[in-house]
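Structure, as structure tokens:
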Amino acid sequence: MSLDKQIHIYSIDTSAFYNENEIKLHNRLNKNYRLRAKLKKNIANIKNTYESKSKKIISSINKRIKRIKDKLYIEFKENTQVRQLRNEVLTDKNIVSVFESTLTRTLGLKENQLSLDIVIVETFFFQILEDIIINGFLLNNEKYVCFTASAGQIRTKKTVFIKESLLQRHRDTLMCGLPPDKINSLGGVNINKYLAYLALCNSATDEWKDIDINKVIVVDDMETLVRSVVDYIDEKTYSITRKEMDVRINHTDGCGMILPKKSRKSFMIRMPWIKGLLVPFPYDKFIREANRALKNGFKCGTVTDIYGKQYNLLEDNIEIILTKSQFKMWKYYSSWDEYKEKYIKHNCQTGICNVEEDNIGNAKINYQMLQTLTDITDDELEELCSKTKETISKIGTDRKTMLKVLGVSDSNESKNYFQRALEIYPELLADTYSKEILKQVKKSIVKNARAGKLDIEGKYTFLCPDLYAFCEYLILDNKEPKGLLANGEVYCCLYKETNYLNCLRSPHLYREHAIRHNISDKVKSKWFITKGLYTSCHDPISKILQFDVDGDKALVCADNLLIRVADRNMNDIVPLYYEMAKAEAEVIDNQSIFNGLRAAYTGGNIGVISNDITKIWNSEQVNLDVIKWLCMENNFVIDYAKTLYKPIRPKEIGTLIHMYTKSKVPHFFMYAKNKEKHEVEKINNSTINKLEKIINNPRLNFRASNIGKFNYKMLLSNKSVNVDLNKDIIDKYSELETRSHFMINKDTDENSNIPYLYQSIKEEILEVNSNINYVVDVLIEYLYKYKRSSFKATLWECFGEVILINLSNNIHKSFKKGYILCDSCGTRTMGRTSNKKYCEACARKIKRTKK
């Protein structure tokens, strides 16, 4: 299932709502910011006799900035009008493309069209945000109101606003008949939880029309006590005590079951107030087998939902079992029947995303996971880098490597048109555009490798609970289920032949390498039918890796070297444990929504804490206690928006933490975070810093002998016809391509205006000549034959679909079915047998060489 439908909307910031006086003050503020930044950079890069003078100027600028800000705050305070979104800020540069979601489908937004129904606002001044949340704002005489902010948007201080008229019309559909006043009458809710649950409809999803809500129920989660040794941290005193205790674990936190006849793949769902992972499990088979084993005529299969209603899973034909943890607003409905009735009445939707892949490609490890292996030897690190170094060395010389790094692989299920063209016509690698892309890809691989992204034998896959144990718990009413996996055991069919696996998850802050015994046998493969990593209900692994099972993925590593080194480093490491704060409920209104968002936006930066932890792992002396405290603080900061609680460091603890974190970020952040040399520490012998010398950057030579001969005419609609160059088309293309470089806006949350820009360029070119096949032929003739351009991204992004159709047709006409590309010389030859790799001449040559 592919998420390829996009809608274009505006993403602006709070300055878009300024009046004339505020604009003038804002421009003066920005001018001073730019001047201060320039002076600071000069001081950092060129220490000279002007350093002292520059610092005095910076001090003067800081005072000026404060005075301007004070005036701006006065202007904000004196504004009494409903703010207007100024039309002049609605430019192409402020457009972002978002994937289709339940929200866009419900509002009726059209694919590839620009909509004003939703507007995203980034916060720079909270006074403006408060104004537009409390009073709304106006655009083209339409009033807009605050709708929500997802977890990802909260990290970038972005809020979604919607036309008030549309929200009133579709509120029941988006909220399954649960308006805010009903929630308030039942005691209110934690505001930021409410906003997060409301934002589920804004997740990128495909609509799941095959769900029958009448065949779905919601049951209690499987919670048990797991005995474990932990490092217990008191969040008030910061004392760390190692002790054995019973840890309460919700093993199904965010996970439900679906019958394999409905789906044999795991996937994530989004319904009004419901989210999580659905994992296929044959609980119908479990019931039948259990009934055959039971004596005295007793039959199982009847379960009770969270409201006390009983269901017979087989007789009532229940296809999906959700858990209470997935149904976020369950307490505001009187029964599951009430939810179902409103779901049907208001034409609510179910969205699905992140469907388990058919082919899961090998993954890369990252610096967080590597930096905790502090005793890895130089030889071990060199061996760990060998796959990555081999890939770098083969770019330009090996066809398979070149295709792989360009994303032409079975595991890439969302190839773009250029990648699909390479897949059927590898000769395209010989073109200058492919070579230019390979240069950039190689540069990126080297940079990422020096930042700790290394190829390993490992794959990312869903984390799943032992659902056999869940059935024992739910269906057999066994509150101490045995399950199929013991403590220390996992099951993952991706590595059936591997006895031990290193189970990892990001973010990886403490030493979190969970080495587990992979038990693969017929019994488990009978019940565990997905590619997920199944974990035991007797294992505290979820506390080690800090995961839920609502769609979290683990990096399942089968690399023997990495397992051996990690096992050594995990000696005497136990899970961290601390009591988290509870979130309070409050009444939903505009003021509480603003207060909640302000708390979320200002509650702390987990990136800073993560970087502080990285500083310690890459220092000369690693203090594990300091890392434990920072890990605890990190989780409190994550929850701060909901709980409004963060622990206060005892003075002596704060002094100790500062002593270990006052340094600059590690040297390798030049590669990992694009830091300048003056912003990082000098290189030392930490695990990741060593990679700079190990990962070399060889000169790229394109001398692959097996990519065949490229013929650009294969891209034309009719390769037998000569194409005359049309100056009007070429001029318009050149003008728009040049202009687009200045209009691109790469947004921080991975949305950008690039799809919209290319769509606009395509439409403008077709205004010159509406015959799309002729336009494409002219541009191919110009760019591939006359200009021989190394830059053809605009051509492929605008007209890739047409070019791919042309190429497919020409290959079909030119080469008979069964033709292959010789692995040695690159010529097209008849395959004859399925495993043939070489043409006849190369096969004879290779045979002689072997003899």
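Quick note on full-length UniProt numbering: the sequence shown kicks off at 1 and runs consecutively. From the three backbone atoms N, C-alpha and C, an ideal C-beta is built for every residue, glycine too.
Residue(s) in a DSSP beta bridge with residue i
i    : result
I828 : The sequence shown places Arg at residue 828, rather than the Ile named in the question. Beta-bridge pairing links R828 to L821.
L129 : L129 pairs with nothing; no bridge assigned.
H517 : E489 and Y500
G188 : Paired residues: none, contrary to the question.
Y534 : C464 and Y491
D455 : K364
D728 : In DSSP, D728 forms no bridge with anything.
I293 : The sequence given here places Ala at residue 293; Ile does not occur at that position. A293 is not bridged to any residue.
I217 : I321
F99  : Q6
S228 : M245
F137 : R83 and Y144
S11  : I120
V303 : Y311
F327 : I274
G256 : L278
Outcome for residue i when other beta-carbon atoms lying within 10 angstroms are tallied against a minimum of 16
i    : result
P280 : buried
G351 : buried
F124 : exposed
S444 : exposed
L294 : exposed
R564 : exposed
F298 : exposed
R169 : exposed
K682 : exposed
R844 : exposed
L725 : exposed
Rounded C-alpha distance that separates residue i from residue j
i    : j    : result
L597 : L178 : 21 Å
V802 : W527 : 46 Å
D92  : A583 : 41 Å
V778 : L716 : 9 Å
I785 : G800 : Position check: residue 785 holds Lys in this sequence, whereas Ile was assumed. Near 18 Å, if we compare the C-alpha coordinates of G800 and K785.
T173 : T372 : 48 Å
S203 : R270 : 8 Å
S808 : E319 : 42 Å
E78  : N502 : 60 Å
R248 : E223 : 7 Å
G551 : D539 : 19 Å
N685 : I395 : 29 Å
Q153 : T14  : 15 Å
A841 : M670 : 49 Å
Y232 : I344 : 48 Å
T252 : S536 : 11 Å
I7   : L114 : 7 Å
D117 : L313 : 43 Å
Closest Cα partner of residue i within the set the options
i    : options                   : result
L195 : E801, N590 and R844       : N590
Q81  : I57, L138 and L72         : L138
I707 : A469, A600 and P426       : P426
K209 : I9, Q349, C385 and N634   : Q349
K496 : L476, K479, S520 and E480 : S520
I613 : M830, Q368 and E480       : Q368
V216 : Y238, R64 and K309        : K309
R86  : Q113, E100, S59 and N19   : N19
CB contact flag (residue i, residue j, <7 Å)
i           : j    : result
residue 854 : K524 : With the chain represented from 1 up to 851, any question about residue 854 goes unanswered, as that position is not in the structure.
C798        : Y758 : yes
V556        : G254 : no
V226        : L474 : no
I609        : L630 : yes
R28         : I68  : yes
T397        : R699 : no
F161        : C176 : no
V355        : K265 : yes
L454        : K364 : yes
L463        : F547 : yes
A641        : A599 : yes
I183        : K340 : no
T388        : A449 : yes
Minimum Cβ-Cβ distance from residue i to chain C less than 7 Å
i    : result
K675 : The structure shown contains no chain C; it is built from a single protein chain.
Closer than 6 Å: residue i CB and nearest the ligand GDP heavy atom
i    : result
R227 : In the structure on display, the ligand GDP does not appear, and there are no ligands present to speak of.
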